[in-house]
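Here's the structure, in structure tokens; my notes come after.
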Amino acid sequence: MSQTNVITGGTLENTQQCFPSAAALGIDSNLEPTHRPMVYWPDSRLSNKCEDVTIFDEEVEQLVYDLVLAMRTRDGIGLAAPQLGRQLNVIVIEQLWEGKNHPLALINPVVIDVDDSISFTTNEGCLSVPGYYEERSRPYSVVVEYYNPTGNEKVIELQNMNAFVLQHELDHLYGKVFVDGLSKLKQGRILNKVKKTRKFGK
Ligand code: ZN
461 MSQTNVITGG TLENTQQCFP SAAALGIDSN LEPTHRPMVY WPDSRLSNKC
511 EDVTIFDEEV EQLVYDLVLA MRTRDGIGLA APQLGRQLNV IVIEQLWEGK
561 NHPLALINPV VIDVDDSISF TTNEGCLSVP GYYEERSRPY SVVVEYYNPT
611 GNEKVIELQN MNAFVLQHEL DHLYGKVFVD GLSKLKQGRI LNKVKKTRKF
661 GK
């Protein structure tokens with residue numbers, strides 16, 4: 461999902477600035493980007509339930525690399541595999557703390573605890589629905605089990621904005637986009653916005 465209206469539509473020339481923290485992500489630092497076009501709502505590929513990764517090989521590392529690159533070149537703070545056309549349970553998020561971004565890749569993530577006694581509210585957006593934002597509240601804290609790209613099992617608790625982004629990306633793995641529940645009338649207006657935003661090269 462994207463936090464701001466700025467979608468830079470980055471090019472491969474700025475790969476070096478955008479990428480990576482390969483070591484922090486646990487992926488090979490010698491990978492090169494693969495061309496994977498962004499999938500835009502209401503493409504039906506965003507409506508499928510994704511499958512678990514079963515083999516942790518270079519293909520998974522490559523997907524993580526491409527997801528982080530696509531997220532960063534568009535100033536997003538999270539991206540899920542179906543948004544690049546892969547129906548796999550793989551998401552990346554940009555964890556924000558101490559004023560810095562820390563990319564995190566979660567393979568086969570499963571929520572094991574949610575604290576919904578407090579909620580976190582912000583403008584929700586999505587790189588697959590460019591140009592549209594809507595205020596939404598989600599539980600403040602989530603604990604999730606996942607694998608890193610090399611197949612090691614991990615557990616992490618995320619809070620506030622980081623938890624919000626995680627929950628948005630998890631929805632993608634279930635084939636849910638944040639505008640799905642809105643009325644047909646509203647969806648029509650959003651679709652016009654998406655078309656307009658894409659027409660101007662974003
Ligand atoms: Zn999204």
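Its first residue numbered 461, the sequence shown is counted upward by one per residue in this note's numbering. For glycine and all other residues, C-beta sits at the position ideal for the given N, C-alpha and C.
Using only the alpha-carbon positions, how far apart do Ser643 and Pro609 sit?
Looking at the two C-alpha atoms, the distance is approximately 38 Å.
Please identify the residue among Asn612, Gly536, Leu645 and His628 whose C-alpha is closest to the C-alpha of Ile515.
Nearest of Asn612, Gly536, Leu645 and His628 to Ile515, Cα basis: Asn612.
Considering only residues of the segment 490-553, which uninterrupted alpha helix (DSSP H) runs meet the minimum length of 4 residues and lie entirely inside it, listed in chain order?
Correct list: 518-533.
With 16 other CB atoms within 10 Å as the buried threshold, where does Arg532 fall?
So Arg532 counts as buried.
Could you tell me the distance, in whole angstroms, from the CA atom of Val637 to the CA atom of Asp631?
The alpha-carbon atoms of Val637 and Asp631 are separated by roughly 7 Å.
Rounding to the nearest angstrom, what Cα-Cα distance links Ala484 and Asn583 in this structure?
Near 28 Å, if we compare the C-alpha coordinates of Asn583 and Ala484.
On the premise that Val625 lies in contact with Gly538, defined as a C-beta separation below 8 Å, what is that separation, rounded to the nearest angstrom?
Right, their Cβ atoms sit about 4 Å apart.
Rounded to the nearest angstrom, what separates Pro565 and Val524 at their Cα positions?
First, the amino acid is wrong: residue 565 is Ala here, not Pro. Spanning the two alpha carbons is a distance of roughly 7 Å.
Tell me whether the beta-carbon of Val654 lies closer than 8 Å to the beta-carbon of Pro590.
Going by C-beta atoms, Val654 is nearer than 8 Å to Pro590.
Please say whether Leu548 and Glu498 have beta carbons closer to each other than 8 Å?
It is Met, not Glu, that sits at residue 498 in the sequence shown. No, the pair does not count as a contact, with Cβ atoms beyond the cut-off.
Looking at C-alpha atoms only, which residue of Leu645, Val574 and Val552 is the closest neighbour of Asp526?
Among Leu645, Val574 and Val552, the Cα nearest to that of Asp526 is on Val552.
Cutting at 6 Å between CB atoms, please list the residues of its own chain near Arg596, excluding the five before and the five after it.
Around Arg596: Glu584.
Val603 and Gln627 look like a contact to me (Cβ under 8 Å); what is the Cβ gap, rounded to whole Å?
That belief does not hold up - the Cβ atoms of Val603 and Gln627 are roughly 12 Å apart, past 8 Å.
Take His562 as the anchor and find which of Asn622, Pro542, Gly635 and Thr657 has the nearest alpha-carbon.
The shortest C-alpha separation from His562 is found at Asn622.
To the nearest angstrom, report how far apart Asn568 and Gln522 are at their CA atoms.
About 16 Å.
Grab the span of the beta strand (DSSP E) containing Ile572 for me, first residue to last.
Here the beta strand (DSSP E) through Ile572 covers Lys560 to Glu584.
I need the boundaries of the alpha helix (DSSP H) containing Lys644, first residue and last residue.
Its alpha helix (DSSP H) spans residues Lys644 to Lys659.
Roughly how many angstroms lie between the CA atoms of Val550 and Ser489, to the nearest whole one?
Distance between the alpha carbons of Val550 and Ser489: 19 Å.
Assuming Ala530 and Cys510 form a contact by the criterion Cβ under 8 Å, report the distance between their Cβ atoms to the nearest whole angstrom.
Not really, about 17 Å apart at Cβ, beyond 8 Å.
When DSSP labels each residue in this structure, what does Val625 get in the three-state scheme?
Helix, per DSSP.
If you measure from the CB of Leu529, is any heavy atom of the ligand ZN nearer than 7 Å?
No, the Cβ of Leu529 stays beyond 7 Å of every heavy atom of the ligand ZN.
Quick check: the Cα distance between Asn652 and Phe580, rounded to an integer number of angstroms?
Their Cα atoms are separated by approximately 29 Å.
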